[in-house]
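So the sequence shown is numbered by the working numbering: it starts at 4 and just counts up by one.
Notes follow the structure.
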Amino acid sequence: MQLLDTAPPDRHTLWEDVHGILIGTTLVALSIQFLRATDLFTGQIAGLALVLSYPTGWPFGAIFFLLNLPFYLLAVRQLGWRFTLKSFAAVLLMSAMTDLMPLVMTVTLPPWLAAPLFGVLAGLGLLSLFRHGATLGGVGIVGLWLQDTRGIKAGHVQLGFDLCVFAGALFLFAPAQVGWSLLGSVILNAVILINHRRDRYIARS
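This is the structure we're talking about:
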């Protein structure tokens with residue numbers, strides 16, 4: 004018999020979800036400015052969008068949004084409409100804010116500072132999204148689908164994609180840029196690994 008009974012977890016309200024998604028997308032959009040200011044990049048679909056935006060000059064937000072579109076079909080089938088709509092809203096907000104922020108702010112940082120700041124801010128932003136039942140789409144959705152249908156771990160899928168992005172970037176970026184970018188990605192994943200624990204976080208979305 005437990006001395007203290009733990010109340011069942013409450014779901015987030017609509018307002019709490021809106022609040023959490025706005026905070027999460029703002030933090031991630033801000034973290035992208037640190038990468039763009041120093042010509043660094045990251046993994047996942049965001050990294051691929053950055054790698055494509057540098058040589059082409061196309062807006063990062065537009066590329067990121069378009070690259071994510073095919074993944075929503077999988078999201079609806081695998082994770083449901085609630086998750087898909089929240090993630091679609093998060094991607095739309097983050098894409099818009101990422102391209103609008105340079106109009107009102109200028110970031111000047113050395114790569115050795117931009118990389119860890121990106122990792123911390125992006126990690127905190129993604130944590131906020133995860134805890135409110137949303138994500139920034141892309142490879143994570145494919146990873147969940149392959150994990151459920153083929154038994155391939157989602158983490159391995161994301162790692163494999165990141166390795167491909169960084170390998171391709173070696174042909175476009177200086178080794179130092181790749182190294183700093185890798186540091187930022189490692190810090191981002193460490194923030195999520197340490198803090199994203201379903202057995203410790205009670206509230207649900």
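Every residue gets a Cβ at the ideal spot worked out from N, C-alpha and C, and that includes glycine.
> What runs of the alpha helix (DSSP H), each 4 residues or longer, lie entirely inside the segment 11 to 87?
Replying inline: Counting only runs of 4 or more, we get 17 to 40, 47 to 59, 63 to 71.
> Nearest-angstrom Cα distance between HIS135 and THR28?
Replying inline: Stepping through the sequence shown from its first residue, residue 135 is reached at position 132. Stepping through the sequence shown from its first residue, residue 28 is reached at position 25. Rounded to whole angstroms, the separation of the alpha carbons of THR28 and HIS135 is 12 Å.
>> How far does the alpha helix (DSSP H) with ILE197 in it extend, from its first residue to its last?
In response: Counting from 1 along the sequence shown, the entry for residue 197 is found at position 194. Bounds of the alpha helix (DSSP H) holding ILE197 are 178 to 198.
> Can you tell me the Cα-Cα spacing of TYR57 and ASP42, whole angstroms?
Replying inline: Residue numbering aside, residue 57 sits at position 54 when the sequence shown is read from its first letter. Residue numbering aside, residue 42 sits at position 39 when the sequence shown is read from its first letter. The alpha-carbon atoms of TYR57 and ASP42 are separated by roughly 8 Å.
>> I'd like to know if the segment 98 to 115 and the segment 30 to 39 are in contact, where contact means that at least 3 CB-CB pairs between them fall below 8 Å.
In response: Contact between the segment 98 to 115 and the segment 30 to 39 is present, because at least three Cβ pairs lie under 8 Å.
> If we count the other Cβ atoms within 10 Å of its Cβ and call it buried at 16 or more, is ARG39 buried or exposed?
Replying inline: Counted from its first residue, the sequence shown places residue 39 at position 36. Here ARG39 is buried. Its C-beta has 16 or more other C-beta atoms within 10 Å.
>> Less than 7 Å between C-beta atoms, sequence neighbours within five positions excluded: which residues of the same chain meet that for MET97?
In response: As a first step, residue 97 must be located in the sequence shown, where it is residue number 94. For MET97, where only same-chain residues beyond five positions count, the Cβ hits under 7 Å are THR28, VAL31, ALA32, LEU139.
>> Looking at GLY46: is its Cβ nearer than 7 Å to the Cβ of SER188?
In response: Taking the sequence shown and counting its residues from 1, one reaches residue 46 at position 43. Taking the sequence shown and counting its residues from 1, one reaches residue 188 at position 185. With respect to the 7 Å criterion, GLY46 and SER188 are classified as neighbours on the basis of their beta carbons.
> When the distance is taken between beta carbons, is ILE26 closer than 7 Å to SER131?
Replying inline: By one-based count along the sequence shown, residue 131 stands at place 128. By one-based count along the sequence shown, residue 26 stands at place 23. Their beta carbons are under 7 Å apart, which means SER131 touches ILE26 by this criterion.
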